[in-house]
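The numbering of the sequence shown is the numbering used here, which starts it at 38 and goes up by one.
Here's the structure, in structure tokens; my notes come after.
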Amino acid sequence: MFTLEEQLTQDVRRAVSDLTDELENFYTGGFQETDQGWLQTLKDKHKEALKIQFEVVSEGISKPGEQTLLKDIFTHVWITEGSCVEVNHGHEIMQVETVSKNTKSEILSIKCSDIFKPLPGQTRPIRTVLMKGVAGIGKTFSVQKFILDWATGKDNQDFDFIFFLPFRELNMITSEKSLQELVRCFSPEMKSYDNILEHCKVLFIFDGQDESRHPLKFEENEIWSDVKKPTSVDMLLTNLIKGNFPIDSSIWITSRPAAAGLIPPELINRVTEVQGFEDQQKEEYIRKKCKNRALADRIISHIKTLRSLYILCYVPVFCWIVVTVLEHTLEDKSFDNPKTLTDFYTVFLIVLLTAKEQKKEKENVLKSNQEAILKLGKLAFESLKKNIIVFYEKDLREYDIDLNSPIYSGVCKEIFKQNSALFQEKVYCFLHLTVQEYFAALHVFGSYQNYNINPLQETMWSFSWLEQFLYPSIIPLFSLNKGALEKAIQSRTGHLDMFVRFLLGMGMKNNQELLKGFLSGTKDHSNDIQETAGYIKELIRETSSPERCFNLFHCLSELKDKSLIEEFNVTLDKTKLSGQSLSPSQCSALTYYTLLSEKEIEVFDMSEYATSEECVRRLLPVAKITKTLRELWFCGTSEASPGVASGVLRRYPVHIREMFLTKTSVGEGGSKWLSESLLEDTYCRTEKNLFLVLYNAQEGSLALRGFHESVAGNLLVENPVHYPGCQLVCSGLQQPCCCVQVCRMLNCELTERCCEDLASVLLSQHSSLRGLDLSYNNLGDSEVKLLSEALRDPNCKLTKLEMSWCKLTERCCENLASALQSQCSSLRELDLSYNNLGDSGVKLLSAALKDPNCKLTTLRMRDCELTERCCEDLASALQSQHSSLRELDLSHNNLGDSGVKLLSATLRDPNCKLATLR
């Protein structure tokens with residue numbers, strides 16, 4: 038017998054032994070059912086940590102003790118499957134303005150919660166997702182909502198753990214780490230557990246890949262698969278994305294579009310793109326942010342009157358800025374309602390600086406923050422030139438910025454955001470890229486207005502300070518503006534577009550008044566502004582880039598110059614009356630006002646406006662947002678124009694429903710370009726019909742393969758292609774991915790060998806062809822025999838066959854009649870006009886019409902050498918209960934009165950189904 042003390046000791050020892058075995062089993066990876074309690078406890082602990090991290094967001098001007106919950110302000114953004122915008126060649130704001138004109142229904146959207154779920158019809162699992170989007174468009178908020186919904190048990194519960202690893206913090210890890218150690222850095226609650234990665238399904242989220250300072254050497258880095266062995270962060274990231282670690286992991290990467298190409302496309306299973314708010318979501322967000330319903334309605338009404346700003350509200354961050362500003366200006370009579378972009382950002386700066394110092398005058402607040410603004414502005418300006426948007430403490434020290442100093446307490450609190458990071462170090466960024474661009478402009482304009490210095494001049498230290506004392510008025514504002522405009526025009530990426538708009542706007546009287554305190558005084562720059570406006574108009578006439586022209590019109594808007602608008606409207610009215618075309622600069626104006634218009638463009642005929650290749654280039658952004666595009670090129674352009682256009686067209690999404698191109702507008706170079714630049718481009722989606730006419734298709738037919746694989750529509754080939762060209766066309770039509778439904782090969786000098794290939798297309802189970810027009814070819818009866826045999830095949834889906842002007846005789850009718858009587862034939866329409874069929878040919882076809890298997894509803898035989906003798910056979914066919922014919926064309930034949938009499942009597946027969954008789 039054991040004493041009670043001994044019994045308790047043994048029980049404790051047994052419990053400790055069991056617990057030790059369980060922990061050992063856990064650490065060595067032997068997960069059993071009994072371990073589920075441990076795992077669930079850890080999951081709950083991890084979810085709670087993520088919930089605390091993401092349920093509160095930093096947005097707006099918060100008062101002490103106030104918190105903004107994500108669920109209270111989150112508004113779903115529009116996310117698309119696939120890529121819609123390519124912004125490598127233009128400022129991101131320009132891309133937002135362009136994509137806002139696309140018809141939403143024509144682009145496949147996806148819910149953020151479903152980004153790892155295959156769409157209907159997709160079988161391949163989604164492991165790696167790349168989410169693209171311009172700065173401030175809602176990528177990080179979408180990630181946070183996804184994580185919060187998972188942490189609260191709402192969605193995606195098939196993941197055991199989610200690890201959030203932002204690049205701006207990954208940048209700070211310079212020492213070698215194992216994958217396990219990397220996870221613990223960002224999720225400290227995982228510190229005591231070693232084998233979670235090997236035995237659980239995990240999601241790694243890498244936010245802000247565009248901010249990465251790791252090189253991501255996918256090709257150079259060696260294969261690494263040990264989760265416990267330390268190596269560089271770059272090695273861990275590339276191998277994790279490649280899937281080389283023996284763990285069940287999914288990857289989600291967010292990035293601005295310009296940097297998204299650093300991830301090899303073969304490693305990405307799904308690309309999504311965040312497009313921001315639709316109009317309804319803008320209003321929903323504004324009402325959430327502004328609790329006063331009446332004020333929210335006034336804000337919505339006001340921004341709708343400012344079309345360019347309303348478009349920019351597709352970006353959630355910009356929408357927040359607009360609401361922040363208008364909440365104050367619409368109720369504070371000391372402010373005029375802002376109208377330009379610079380107006381909004383200047384008021385935004387003042388609102389943020391005075392929010393915590395209600396008793397101070399605006400001028401005093403700006404004056405007390407002048408030094409801080411100038412230093413932050415210099416950081417913004419110099420970093421903007423280097424495309425740097427994230428800063429670390431060493432970056433701030435270079436500009437003598439000490440955030441612990443009282444002078445930064447106001448300006449930095451809301452404008453220069455600080456994020457907690459690893460190893461007690463902090464990372465900083467401006468609220469948004471446009472805020473950085475505004476501060477860069479503040480630095481340049483403040484240096485000019487206060488100290489007569491032009492920071493845009495690279496050699497300013499050699500003379501500027503001397504000029505300041507000897508010639509205090511030596512630098513006119515026009516020189517400053519001219520230099521900024523020249524630099525912006527020369528930029529291939531447009532990275533200075535917004536900066537120059539802000540800089541020009543600051544010279545306006547109302548903004549100088551608002552910036553009193555920061556500026557040493559106000560000056561009358563009216564003459565310089567007028568001269569700047571004139572210079573901008575010259576640049577518009579000389580600049581061929583649609584993006585740069587678009588921004589130049591925005592610059593005129595900042596200067597409140599409407600002269601070009603009035604001139605354009607007068608010219609457009611005259612053009613419509615006289616039938617004359619627009620000049621290149623007027624085409625730029627048309628593009629600008631069309632993109633800012635609320636109306637969707639149903640039909641756009643390029644030939645109505647374009648008189649040169651330069652006009653085409655400037656009108657391309659309009660062509661790309663229209664539903665039906667006619668004449669992308671025009672008569673008389675050189676073959677260089679397709680090459681000029683192709684570079685521009687690749688920059689924007691194309692969602693054209695119908696396109697009409699003629700042989701005079703395309704040419705051989707155009708045919709090739711359509712394949713290489715437009716139709717094979719992943720950003721081009723001609724979703725309904727492309728009516729393409731190829732001119733001299735020897736070269737053009739080489740381009741047809743790209744056309745076949747890209748477009749569901751109508752293909753028209755005109756002029757001699759001979760056998761090689763026809764063979765290429767037929768090869769494309771038989772591809773499984775080809776969805777061309779109508780093919781017209783007119784006047785192509787087809788031969789018997791061509792008809793063999795065409796018959797092969799009709800017999801192919803992959804062919805989508807429903808209509809075939811072979812008119813104006815010398816086919817002959819033997820070639821028709823080959824096609825007729827194909828019509829009897831079960832794989833043939835052809836419903837319409839046209840062979841007018843093909844020099845056919847009555848001999849072909851026997852083969853066609855046999856095909857029509859086949860139960861496998863799907864033919865509904867047959868056009869044999871302008872052939873020498875004769876009455877005997879019609880007799881054979883009439884017999885086929887009476888066959889129960891014949892499904893023909895339309896028969897055209899214009900000018901086929903017919904007489905009254907054929908009418909008896911046709912009348913007999915029409916009176917048959919099996920005839921399905923509803924349209925019959927016998928015009929331009931010598932039928933005579935007696936023939937018409939026979940047909941007229943037939944029309945009264947109850948079995949006759951004819952609805953149209955010509």
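Note that CB positions come from ideal geometry on N, CA and C, so glycine has one too.
CB contact flag (Leu253, Trp261, <9 Å): Here residue 253 refers to the residue found at position 216 of the sequence shown. Here residue 261 refers to the residue found at position 224 of the sequence shown. No; because the gap between Cβ atoms is not below 9 Å, this pair is not in contact.
Short Cβ contact (9 Å threshold) for Lys553 with Leu411: Stepping through the sequence shown from its first residue, residue 553 is reached at position 516. Stepping through the sequence shown from its first residue, residue 411 is reached at position 374. No, they are not a contact pair.
Nearest residue (CA-CA) to Ala417, options Val481, Leu389 and Leu216: The sequence position of residue 417 within the sequence shown is 380, counting from 1. Per the Cα distances, Val481.
Which of helix, strand or coil DSSP assigns to Ser89: Looking up residue 89 in the sequence shown gives position 52. A quick correction: the sequence has Ile, not Ser, at residue 89. Correct three-state label for Ile89: helix.
According to DSSP, residues forming a beta bridge with Leu954: Stepping through the sequence shown from its first residue, residue 954 is reached at position 917. Looking at the DSSP assignment, Leu954 forms a beta bridge with Leu925.
Under 9 Å between C-beta atoms of Ile290 and Gln246: Position 253 of the sequence shown, counted from the start, is the residue given in the question as residue 290. Position 209 of the sequence shown, counted from the start, is the residue given in the question as residue 246. Yes, Cβ-Cβ distance for Ile290 and Gln246 is below 9 Å.
Collapsed DSSP secondary structure at Lys423 in the structure displayed: Position 386 of the sequence shown, counted from the first residue, corresponds to residue 423. Helix.
Beta-bridge pairing of Arg897 - partner residues as DSSP gives them: Counted from its first residue, the sequence shown places residue 897 at position 860. Arg897 is bridged to Asp868 and Asp926.
Local conformation of Ala677 per DSSP, three classes: Position 640 of the sequence shown, counted from the first residue, corresponds to residue 677. Per-residue confidence for Ala677 stands at a pLDDT of 41, beneath the threshold of 50, marking its modelled position as unreliable; the derived number appears in the next sentence. Helix, per DSSP.
DSSP state of Glu603 mapped onto helix, strand, coil: For the purposes of this step, residue 603 is taken as residue 566 along the sequence shown, with counting starting at 1. Three-state result, Glu603: helix.
Distance, Pro831 Cα to Leu800 Cα: In the sequence shown, counting from the first residue as 1, residue 800 sits at position 763. In the sequence shown, counting from the first residue as 1, residue 831 sits at position 794. Distance between the alpha carbons of Leu800 and Pro831: 8 Å.
Per DSSP, the bridge partner or partners of Thr268: Looking up residue 268 in the sequence shown gives position 231. The partner list for Thr268 (beta bridge, DSSP) reads Lys214.
Lys422 beta carbon near the ligand FMN (any heavy atom closer than 8 Å): With respect to the ligand FMN, the structure shown offers nothing to examine, as it has no ligands at all.
Segment contact flag, the segment 358-370 with the segment 516-534, C-beta cutoff 8 Å, min 3 pairs: no
Proximal residues to Asp900 (C-beta, below 7 Å), its chain only, five neighbours per side dropped: Here the question's residue 900 lines up with position 863 in the sequence shown. Cβ neighbours of Asp900 beyond the five flanking positions: Ser870, Tyr871, His929 and Asn930.
Among Gln159, Ser863, Ser862 and Glu847, the one whose alpha carbon lies nearest that of Leu882: Here the question's residue 882 lines up with position 845 in the sequence shown. Residue Glu847 is the option with its Cα nearest to Leu882.
Run of the alpha helix (DSSP H) containing Ser287, from where it starts to where it stops: Numbered from its first residue, the sequence shown carries residue 287 at position 250. Here Ser287 belongs to no alpha helix (DSSP H); instead the beta strand (DSSP E) covers Asp285 to Ser292.
Straight-line gap, Leu857 to Arg829 (C-alpha atoms, nearest Å): The residue you call residue 857 lines up with position 820 of the sequence shown. The residue you call residue 829 lines up with position 792 of the sequence shown. Using only the alpha carbons, I get a separation of about 8 Å.
DSSP three-state assignment for Phe587, whether helix, strand or coil: As a working mapping, residue 587 is identified with position 550 in the sequence shown. Helix at Phe587.
Contact the segment 343-358 vs the segment 377-390: 3+ CB pairs below 8 Å: yes
Separation of Met545 from Val472, as counted between CA atoms: As a working note, residue 472 is residue 435 in the sequence shown. As a working note, residue 545 is residue 508 in the sequence shown. Cα-Cα distance, rounded: 19 Å.
Backbone secondary structure at Trp842 - three-state DSSP: By 1-based counting over the sequence shown, the position of residue 842 is 805. DSSP places Trp842 in coil when its eight states are reduced to three.
Nearest residue (CA-CA) to Glu257, options Asp263, Phe241 and Lys279: In the sequence shown, counting from the first residue as 1, residue 257 sits at position 220. Here the closest residue by C-alpha is Lys279.
Exposure label - Thr117; buried when at least 16 CB within 10 Å: By 1-based counting over the sequence shown, the position of residue 117 is 80. Burial call: buried.
Distance between beta carbons of Asn890 and Gln918, contact taken as under 8 Å: Here residue 918 is taken as the residue at index 881 of the sequence shown, counted from 1. Here residue 890 is taken as the residue at index 853 of the sequence shown, counted from 1. Wrong, their Cβ atoms sit about 14 Å apart, outside the cutoff.
CA-to-CA distance, Cys350 to Thr953, given in whole angstroms: Sequence index remark: in the sequence shown, residue 953 carries index 916 (1-based). Sequence index remark: in the sequence shown, residue 350 carries index 313 (1-based). Going from the Cα of Thr953 to the Cα of Cys350 covers about 55 Å.
Counterpart residues of Asn11 in DSSP-defined beta bridges: Lying before the first or after the last residue shown, residue 11 is absent from the chain, which here runs from 38 to 955.
Among Ala660, Thr211, Lys837 and Glu235, the one whose alpha carbon lies nearest that of Asn281: For the purposes of this step, residue 281 is identified with residue 244 of the sequence shown, where counting begins at 1. Answer by Cα proximity: Glu235.
Where Ile199 falls: helix, strand or coil (DSSP): In the sequence shown, the residue the question calls residue 199 occupies position 162. Ile199: strand per DSSP, three-state reduction.
Assigned exposure category for Thr112 - 16 Cβ within 10 Å defines buried: For the purposes of this step, residue 112 is taken as residue 75 along the sequence shown, with counting starting at 1. Per the 10 Å Cβ criterion, buried.
Gln772 - DSSP class collapsed to helix/strand/coil: Within the sequence shown, residue 772 is the residue found at index 735, counting from 1. It is coil, neither helix nor strand.
Best match in Thr663, Glu604 and Asp195 for proximity to Lys636 [C-alpha to C-alpha]: Within the sequence shown, residue 636 is the residue found at index 599, counting from 1. Comparing Cα positions, the closest option is Thr663.
With 16 other Cβ atoms within 10 Å as the buried cut-off, status of Gln77: The residue labelled residue 77 in the question sits at position 40 within the sequence shown. Classification of Gln77: exposed, given that the 10 Å Cβ count is below 16.
DSSP state of Gly190 mapped onto helix, strand, coil: Within the sequence shown, numbered from 1, the residue matching residue 190 stands at position 153. Coil, per DSSP.
N- and C-terminal bounds of the alpha helix (DSSP H) containing Gly936: Position 899 of the sequence shown holds residue 936. Counting along the chain, the alpha helix (DSSP H) containing Gly936 begins and ends at Gly933 to Leu944.
Of the residues Gly878, Ala885, Val879 and Ser877, the one placed nearest Arg865, counting alpha carbons only: Reading the sequence shown from its first residue, position 828 is the one you call residue 865. Nearest C-alpha to Arg865: Ala885.
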